[in-house]
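Beneath this line is the structure, given in structure tokens, with notes to follow.
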Amino acid sequence: MESVLKIDNLRVEYRPTGRGQACKVAVDGLTLEVNQGEVFGFLGPNGAGKSSSMKVLLGFVPPTAGAAYIFGVNTCQPIARQRIGYLPELTYYYKFLNAEELLRFYGRIFGIAPAELDRRIDAVLKLVELEHARRKLIKTYSKGMQQRAGLAQALINNPDLLILDEPTSGLDPIGRMKVREIIQRLKNEGKTVFFSSHELGEVETICDRVAILHEGRLKEEGKVADLIARHQMNLEQVFLKVIGYEPTTTTDDIAHPV
Ligand SMILES: Nc1ncnc2c1ncn2[C@@H]1O[C@H](COP(=O)(O)OP(=O)(O)OP(=O)(O)O)[C@@H](O)[C@H]1O
Ligand SMILES: [Mg+2]
Numbered sequence: 062m063e064s065v066l067k068i069d070n071l072r073v074e075y076r077p078t079g080r081g082q083a084c085k086v087a088v089d090g091l092t093l094e095v096n097q098g099e100v101f102g103f104l105g106p107n108g109a110g111k112s113s114s115m116k117v118l119l120g121f122v123p124p125t126a127g128a129a130y131i132f133g134v135n136t137c138q139p140i141a142r143q144r145i146g147y148l149p150e151l152t153y154y155y156k157f158l159n160a161e162e163l164l165r166f167y168g169r170i171f172g173i174a175p176a177e178l179d180r181r182i183d184a185v186l187k188l189v190e191l192e193h194a195r196r197k198l199i200k201t202y203s204k205g206m207q208q209r210a211g212l213a214q215a216l217i218n219n220p221d222l223l224i225l226d227e228p229t230s231g232l233d234p235i236g237r238m239k240v241r242e243i244i245q246r247l248k249n250e251g252k253t254v255f256f257s258s259h260e261l262g263e264v265e266t267i268c269d270r271v272a273i274l275h276e277g278r279l280k281e282e283g284k285v286a287d288l289i290a291r292h293q294m295n296l297e298q299v300f301l302k303v304i305g306y307e308p309t310t311t312t313d314d315i316a317h318p319v
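When you line the sequence shown up against my numbering, it's residues 62 to 319, in that order.
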């Protein structure tokens with residue numbers, strides 16, 4: 062099986078933001094491999110280092126130590142980005158553009174020829190079900206529509222690897238289901254999807270493998286079914302166990318404060 066994404070002993074430190082402050086270690090010795098055609102869930106509590114790792118894959122953040130490779134190319138080289146589609150955690154699109162214009166803008170950055178770009182714009186808008194709103198300004202879109210416009214943007218270069226940072230965050234159940242269906246369709250087309258999420262039920266249904274990160278370190282990794290069988294728990298319980306979560310407050314404490 063071809064390795065699409067390889068992270069090798071990655072460390073990411075951020076410089077201190079103020080005098081007397083220490084460096085922030087966001088990712089600490091992360092090693093991970095994702096194979097062609099896999100849907101891989103990248104999990105971890107807030108601040109675990111998921112987005113920082115993804116930003117290294119995109120070349121936005123340089124590794125402090127270690128390295129990452131996309132299709133064998135070091136992510137420090139801009140050419141590594143050619144086969145990636147990326148949906149950032151927070152999407153800030155030009156509010157004066159409509160979906161069609163947004164896609165044309167990104168398509169031109171990738172150097173897609175005009176006729177082919179027209180064809181792709183139609184195809185991705187159909188896939189994310191935004192054909193009806195293609196000429197509406199993105200600023201008038203609902204959160205779910207904006208997220209789907211972001212997905213269309215991530216798909217415009219027909220990438221082999223999708224890196225999606227919380228693609229279902231803030232979406233209603235229908236919006237989440239639609240994103241799940243899109244991920245499933247991409248997988249059926251042979252694409253590889255590497256995404257972060259806090260929706261563990263949904264991760265359990267669509268992922269082939271997952272990794273759980275905590276405080277920058279890899280705590281657990283494997284096939285969802287194997288983790289569930291090994292721990293004899295559902296994925297949410299496995300997650301809470303491996304990050305060492307212990308409930309500190311019971312509802313009893315709230316009802317009867319000391
Ligand atoms: N630009 C930055 N400068 C300094 N520290 C940062 C920066 N970006 C992230 N961090 C810190 O690095 C750690 C990891 O952050 P990161 O955004 O990678 O986590 P995450 O797993 O994506 O969290 P979330 O689930 O909340 O999105 C956090 O402690 C965060 O405060
Ligand atoms: Mg994040």
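All C-beta atoms, glycine included, are put in the ideal place defined by N, C-alpha and C.
Whether L222 touches V65 by CB criterion (8 Å): yes
Give a single yes or no on whether K116 has its beta carbon closer than 7 Å to a heavy atom of ligand 2. no
Flag this pair as touching only if the segment 196-211 and the segment 222-241 have three or more C-beta atom pairs under 8 Å; answer yes or no. yes
In whole angstroms, what is the alpha-carbon distance linking L91 and E281? 11 Å
Could you tell me how far apart the beta carbons of L296 and I289 are, in whole angstroms, since I believe they sit closer than 8 Å? 6 Å
Among residues of its own chain, excluding the 5 on either side of N96, which ones have a beta-carbon nearer than 7 Å to its beta-carbon? M62, E63, S64, V65
Within 7 Å: the Cβ of A126 and any heavy atom of ligand 1? no
On a CA-only basis, which of P308, G110, L93 is nearest V122? Give me that one, please. G110
Rounded C-beta distance between L164 and I182? I'm assuming under 8 Å. 5 Å
Please name the residue in L274, F132, L212, R180 whose C-alpha comes closest to that of A87. L274
Please state whether the Cβ-Cβ distance between L216 and L188 is less than 8 Å. yes
Beta-ladder partner(s) of E74, from DSSP: V86
So which of M238, D269, E177, P228 has the shortest CA-CA distance to K248? D269
Quick check on the burial criterion: 16 or more other C-beta atoms within 10 angstroms. Buried or exposed for Q142? According to the sequence displayed, residue 142 carries Arg and not Gln. Per the 10 Å Cβ criterion, buried.
Closer than 7 Å to a non-hydrogen atom of ligand 1 - does that hold for the CB of E150? yes
Distance, Cα to Cα, L254 vs F132? At residue 254 the sequence reads Val, which differs from the Leu that was named. So the two alpha carbons sit approximately 14 Å from each other.
Could you tell me the distance, in whole angstroms, from the CA atom of Y75 to the CA atom of G120? 15 Å
Helix, strand or coil: which one does DSSP assign to V134? strand
Roughly how many angstroms lie between the CA atoms of K67 and Y130, to the nearest whole one? 5 Å
Reduced DSSP secondary structure (H/G/I, E/B, other) of N218: coil
Identify, in the order they occur along the chain, each residue of the same chain with its Cβ nearer than 6 Å to the Cβ of F101, setting aside the five sequence neighbours on each side. V95, F255, R270
Candidates G236, G168, A213, of which the one nearest S203 by Cα: G236
Would the beta-carbon of N70 fall within 8 Å of that of A126? yes
Neighbourhood of G277 by C-beta, 6 Å cutoff - its chain only, sequence neighbours within 5 removed: V86, A87, V88, D89, G110
Looking at the structure shown, is F157 part of a helix, part of a strand, or coil, going by DSSP? coil
With respect to 7 Å, is the separation between the Cβ of K111 and the closest non-hydrogen atom of ligand 2 below this value? yes
For H275, does the three-state DSSP call read helix, strand or coil? strand
Mind listing, in chain order, the continuous alpha helix (DSSP H) runs of no fewer than 4 residues lying wholly within the segment 232-285? 234-249, 261-267
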